[in-house]
Amino acid sequence: MNATMTGWIAAGAFDLKAAIQAPHAQHPVLVHFPIALFIASAVFEVLAMWRKQPVFGAVAYFNLLGAALSLPFTIATGLGAWRWQLEGAKLKGILQLHLLCALTSAALILVLWWKRSRLHAQQRQPGAGYFALMTFGLLMITLTGHLGGILSGVEPP
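In my numbering, the protein residues as written are 99 to 255.
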C-alpha cells in the first residue's frame, strides 16, 4: 500500500473535512465538470445539426453555459494545486504547457459560450466557423487533460 493510500485511510476515508481541506484534492475532482459539459455541448450541437431538432441546440447551449460557469473554480483549484502540491514550482516544461493549454481551453470555452449565447438569443444555428472553433477546443481540452494526467502521475510521460 503506498503512502498516499495509507494517509487517506489514516485520515478517515469518509472524513468530509479531511477531503475538502486536502491541499490538492479539489482540482482533480472539479476539472471534470467543464470538460464533460463542453464535450456534451459539442455532442448536442452535432445532434442539433444532424437531426434538425432545436431542442438539442438548447441543451448544447446550457451545457456550454455550465462549462463556462465552472471554469473559475477549476482554474482556481488548478492554481492552488500548483501552489500546494507542487510547492509553487517554477513554471517550465509540462507544467507550463499544461497551464498554457488550460488557459487557452478556458478562453475557447468562453468565446464559444459568448458566440452561442448570441446565436441562442437570435434562435439561429451555429455555422462552420463555430464548429471549427469547437473542434479546436476539443483538441485543446484533450491535450490539457493529457498533460494534467502526466503531472498527476496517472499517465506516464
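We put the CB at the ideal spot given by N, CA and C, even for glycine.
Sorted by chain position, which residues of the same chain lie with C-beta nearer than 6 Å to residue i's C-beta, five sequence neighbours on each side aside?
| i | result |
| --- | --- |
| tyrosine 159 | Arg214, His218 |
| glycine 83 | The displayed coordinates of the chain run from 99 to 255. Any statement about residue 83 would go beyond what the structure contains. |
| glutamine 151 | none |
Once the 5 residues before and after residue i are set aside, which same chain residues still bring their CB inside 8 Å of it?
| i | result |
| --- | --- |
| leucine 198 | none |
Would you grab the beta carbon distance between residue i and residue j for me? Rounded to a whole angstrom, and I think it's under 8 Å.
| i | j | result |
| --- | --- | --- |
| alanine 138 | leucine 169 | No, alanine 138 and leucine 169 are not in contact; Cβ-Cβ is about 15 Å, not under 8 Å. |
| leucine 210 | leucine 231 | 6 Å |
| isoleucine 239 | isoleucine 133 | 6 Å |
Is the Cβ-Cβ distance between residue i and residue j less than 9 Å?
| i | j | result |
| --- | --- | --- |
| isoleucine 248 | isoleucine 207 | no |
| leucine 163 | phenylalanine 154 | no |
| leucine 245 | histidine 196 | yes |
| phenylalanine 131 | alanine 165 | yes |
So is residue i buried or exposed if we call it buried at 16+ other beta carbons inside 10 Å?
| i | result |
| --- | --- |
| glutamine 124 | buried |
| glycine 235 | buried |
| phenylalanine 243 | The amino acid occupying residue 243 in the given sequence is glycine; phenylalanine does not appear at that position. Glycine 243 should be labelled buried. |
| asparagine 185 | Sequence check: residue 185 is glutamate here, not asparagine. Exposed: under 16 other Cβ atoms inside 10 Å. |
| glutamate 143 | buried |
| valine 252 | exposed |
| tryptophan 180 | buried |
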